[in-house]
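Everything on this sheet refers to the single structure shown next.
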Amino acid sequence: MLETVRWITAEGKVLAGCEEGVQLHPGKLRIIDQTRLPQELVYLELDDIDGIVAAIKRLSVRGAPAIGCAAALGLAACAQHLSEKDFLPNIGKLADQLAASRPTAVNLFWALDRCRNKENMEELIQEALAILEEDIQMCQAIGRHGAPLIEEGMGLLTHCNAGALATGDFGTALSPMYVAHEAGRKFTVYSDETRPLNQGSRLTAWELHQSGIDVVTICDNMAAQVMKEGKIDLIIVGSDRIAANGDAANKIGTYGLAVLAKHHGIPFYVAAPTSTIDASLEQGDLIPIEIRDAAEVGAAEGVRVYNPAFDVTPNELIAGIITENGLHRSPYAFG
Ligand code: MRU
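Residue numbering for the sequence shown follows my numbering, beginning at 1079 and increasing consecutively.
Below, the structure written as structure tokens:
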């Protein structure tokens, strides 16, 4: 499978993670440009705050945990260009610029809040590294807790990309699939295309196929029919922000899938690290929803477009939330 995150020290020593994806090189954030997958595997090396903010905005790096890791490592990369005396007066401003890139994934703010109050470069690097390391551990634990849900011969459905490209390691929703696959179980994953930016068909199908998991791409509007045909036994999706009551924001279209799942009696699970839980929000309608550019939708000229990037699935439609701490069942009370 695609390995995604690597920390490289100034001396070139690899401290964590792997061969490809979000990496910190001295003074540079190195990422795969996910907008160009699966046609091309292109890396970007970003050494300034405007470039990193723009990369997050246009989804060159995306997925809630990966955004958090990229922000922390990106802040460290930018700070490496500051002199010792300029560090404290500037670090907060740089963090504010990164925080303004996207509004929904709470991992971004969670990671920046951990980094912005550091006293010096060394502390900042250690914190960014800790965020990355924790994300790797969280992905692996989510995989272990979620894998028992996946039985031999099952059909699974997922939406958007909550895999290796979206996190520091194996992913969230896809991590149980990788663990079950490693254990030798055979199953099929239906990957929603995920309009308008096709993270499912471009990224999820690509990464699962590379790892040898049987994957089938479907257009979003086929999900109901595929469920009715009895092809889906289990749904697992990721999340960008989970409120204290378990309401979960994820890529637009997720809520509709949960409603369909209820109708067809299919268990619907959310997998996310605790860094995605925003216990300060009592319920999901308080989660800020990003509205993206009309051009992404591809409407006829002059026609108005509404393009919310996320929706919120109410807790009562969620059979369980898989975090690194285990499988949580309703009633959810994160705090
Ligand atoms: O707009 P994106 O591509 O960043 O949206 C990503 C998602 O909605 C993912 O499902 C979510 O971040 C979970 S990632 C492990």
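Heads up, the beta-carbon is just placed ideally off N, CA and C, and yes, glycines get one too.
Coil, strand or helix - residue i by DSSP
| i | result |
| --- | --- |
| Ala1133 | helix |
| Lys1329 | strand |
| Phe1187 | helix |
| Ala1349 | strand |
| Thr1250 | coil |
| Thr1236 | strand |
| Ile1399 | strand |
| Ile1214 | helix |
| Gly1404 | strand |
| Ile1169 | helix |
| Ile1209 | helix |
| Ile1145 | helix |
| Ile1203 | helix |
| Gln1158 | coil |
| Phe1412 | coil |
| Arg1140 | coil |
| Arg1273 | coil |
| Thr1082 | At Thr1082 the pLDDT is 39, less than 50, meaning the model places this residue with poor confidence; the figure from the coordinates comes in the next sentence. Looking at Thr1082 - three-state DSSP - the assignment turns out to be coil, as it is neither helix nor strand. |
| Leu1115 | coil |
| Lys1196 | coil |
| Ala1178 | coil |
| Leu1093 | Confidence in Leu1093 is poor, its pLDDT being 36 and thus under 50, which makes the residue's placement unreliable; the coordinate value appears in the next sentence. Leu1093 falls in the strand class under three-state DSSP. |
| Glu1307 | coil |
| Gly1221 | helix |
| Ala1242 | helix |
Assumed close pair residue i, residue j - CB separation to whole angstroms, cut-off 8 Å
| i | j | result |
| --- | --- | --- |
| Ile1228 | Ala1258 | 4 Å |
| Gly1224 | Ala1349 | 6 Å |
| Ala1208 | Arg1194 | The pair is not a contact, with the Cβ atoms about 14 Å apart (cut-off 8 Å). |
| Ala1150 | Glu1205 | 7 Å |
| Thr1332 | Thr1391 | 6 Å |
| Ile1400 | Ile1220 | 5 Å |
| Ile1130 | Leu1107 | 6 Å |
| Ala1322 | Gly1404 | Not quite, the Cβ-Cβ distance comes to about 17 Å (not below 8 Å), so this is no contact. |
| Ile1314 | Leu1234 | 6 Å |
| Ile1344 | Asp1311 | 7 Å |
| Pro1116 | Arg1280 | 6 Å |
| Ala1301 | Asp1270 | 6 Å |
| Leu1190 | Leu1202 | About 11 Å separates the two Cβ atoms, so there is no contact after all. |
Exposure label - residue i; buried when at least 16 CB within 10 Å
| i | result |
| --- | --- |
| Asp1371 | exposed |
| Lys1329 | buried |
| Tyr1347 | buried |
| Glu1285 | buried |
| Gln1288 | exposed |
| Gln1277 | buried |
| Pro1254 | buried |
| Gln1112 | buried |
| Ser1317 | buried |
| Arg1180 | buried |
| Ala1481 | In the structure as shown, the chain starts at 1079 and stops at 1413, and residue 1481 therefore has no counterpart that could be examined. |
| Gly1152 | buried |
| Cys1147 | buried |
| Gly1324 | buried |
| Asn1185 | buried |
| Gly1308 | exposed |
| Glu1402 | buried |
| Ala1339 | buried |
| Lys1050 | A question about residue 1050 goes unanswered here, because the residues of the chain that appear run from 1079 up to 1413. |
| Arg1407 | exposed |
| Ala1133 | buried |
| Tyr1384 | exposed |
| Ala1397 | buried |
| Leu1359 | buried |
| Ala1088 | Low confidence applies to Ala1088: its pLDDT is 41, below 50, so where it sits in the model is not reliable, and the reading given next is rough at best. Ala1088 is exposed by the Cβ-count criterion. |
| Ala1411 | exposed |
| Gly1170 | exposed |
| Asn1393 | buried |
| Tyr1121 | exposed |
| Lys1196 | buried |
| Val1293 | buried |
| Asp1164 | exposed |
| Val1267 | buried |
Strand pairing of residue i, partner residues [DSSP]
| i | result |
| --- | --- |
| Val1293 | Val1267 |
| Lys1106 | His1103 |
| Val1257 | Per DSSP, none; premise fails for Val1257. |
| Phe1388 | Lys1329 |
| Asp1356 | Ala1321 |
| Glu1123 | Arg1108 |
| Val1315 | Val1348 |
| Ile1369 | Pro1386 |
Contact test: residue i Cβ vs the ligand HEM heavy atom, cutoff 7 Å
| i | result |
| --- | --- |
| Cys1297 | With respect to the ligand HEM, the structure offers nothing, as its ligand set consists of the ligand MRU. |
Minimum Cβ-Cβ distance from residue i to chain B less than 8 Å
| i | result |
| --- | --- |
| Asp1191 | The question asks about chain B, but that chain is absent: this structure has only one protein chain. |
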